[in-house]
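Numbering (the working numbering), first residue to last: 54 to 112.
Notes for the one structure printed next.
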């Protein structure tokens with residue numbers, strides 16, 4: 054069941070990637086900025102989702 058421990062992080066990363074793709078296309082960013090934005094939003098999305106999941110599970 055250790056795989057399920059990573060599920061909130063994976064869901065957050067997927068959400069961050071979708072957001073990065075959406076923002077990159079809407080704002081017509083350069084490729085370098087898109088790459089940095091993608092990495093930042095994927096990591097941030099995963100971290101926030103995992104933090105929120107852990108916070109909910111402690112209650």
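C-beta atoms are modelled at their ideal positions from N, C-alpha and C, and glycine is treated no differently.
Within 7 Å: the Cβ of residue i and any heavy atom of the ligand GTP?
i          : result
residue 73 : Absence of the ligand GTP is noted for the structure shown, with no ligands found whatsoever.
In chain order, what residues of the same chain lie with their CB nearer than 6 Å to the CB of residue i, ignoring the 5 residues before and after it?
i           : result
residue 72  : 94
residue 109 : none
Helix, strand or coil for residue i per DSSP?
i           : result
residue 108 : helix
Using a Cβ-Cβ cutoff of less than 8 Å, which residues in the same chain neighbour residue i once the five nearest sequence positions on both sides are dropped?
i          : result
residue 90 : 73, 76, 77 and 82
residue 70 : 91, 94, 95 and 98
Item to check | Complete runs of the alpha helix (DSSP H) confined to the region 60-103 [at least 4 residues] | outcome: Counting whole runs of 4 or more residues, the region 60-103 contains the alpha helix (DSSP H) stretches 60-79.
Next on the checklist: Between the region 63-79 and the region 88-108, can you find at least three pairs of beta-carbon atoms closer than 8 Å?
Outcome noted: yes
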